[in-house]
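S.K.: Position 61 of the sequence shown, counting from 1, maps to 131 under the working numbering, and the rest follow consecutively. Virtual Cβ for every residue (Gly too), placed ideally from N, Cα, C. Here the structure is a predicted model, which means the values were calculated and not measured.
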Amino acid sequence: MAEQKNPQRFDNPTPGKEEYNAQVLKGQAQLSPTGKVDVQSGHNGNHHTITTVSGNQSTDEIKAQVEEARKQ
Numbered sequence: 071m072a073e074q075k076n077p078q079r080f081d082n083p084t085p086g087k088e089e090y091n092a093q094v095l096k097g098q099a100q101l102s103p104t105g106k107v108d109v110q111s112g113h114n115g116n117h118h119t120i121t122t123v124s125g126n127q128s129t130d131e132i133k134a135q136v137e138e139a140r141k142q
């Protein structure tokens with residue numbers, strides 16, 4: 071059986087709404103078969119995974135984790 075991969079989601083689907091974006095990522099992770107999503111950043115078709123979040127995390131944790139990952 072092949073290893074399941076985490077779905078990929080953008081880090082900032084709605085610019086300027088970090089709390090809402092964290093809620094979206096949490097919801098997507100909860101719906102994911104793995105319980106997680108790989109958060110991607112980038113533009114112009116040049117995307118890369120910056121962090122992975124879990125549906126078990128709070129929205130505050132997800133928001134802080136994504137913000138920290140963007141600085142790396």
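Could you give the C-beta distance for Val-107 and Gln-98, rounded to a whole number, given that I count them as a contact under 8 Å?
M.R.: Reading the sequence shown from its first residue, position 37 is the one you call residue 107. Reading the sequence shown from its first residue, position 28 is the one you call residue 98. Going by Cβ atoms, the distance from Val-107 to Gln-98 rounds to 5 Å, so yes, they are a contact pair.
S.K.: When DSSP labels each residue in this structure, what does Asn-91 get in the three-state scheme?
M.R.: As a working note, residue 91 is residue 21 in the sequence shown. Helix, per DSSP.
S.K.: Measure the CB-CB distance between Leu-95 and Ile-132 and report whether it falls below 8 Å.
M.R.: For the purposes of this step, residue 95 is identified with residue 25 of the sequence shown, where counting begins at 1. For the purposes of this step, residue 132 is identified with residue 62 of the sequence shown, where counting begins at 1. Yes; because the gap between Cβ atoms is below 8 Å, this pair is in contact.
S.K.: Could you check what DSSP says for Asp-81 in three-state terms: helix, strand or coil?
M.R.: Working through the sequence shown from its first residue, we reach residue 81 at position 11. Coil.
S.K.: Per DSSP, what are the beta-bridge partners of Gly-112 in this structure?
M.R.: Position 42 of the sequence shown, counted from the start, is the residue given in the question as residue 112. DSSP, once it has assigned bridges, lists His-117 as partnering Gly-112.
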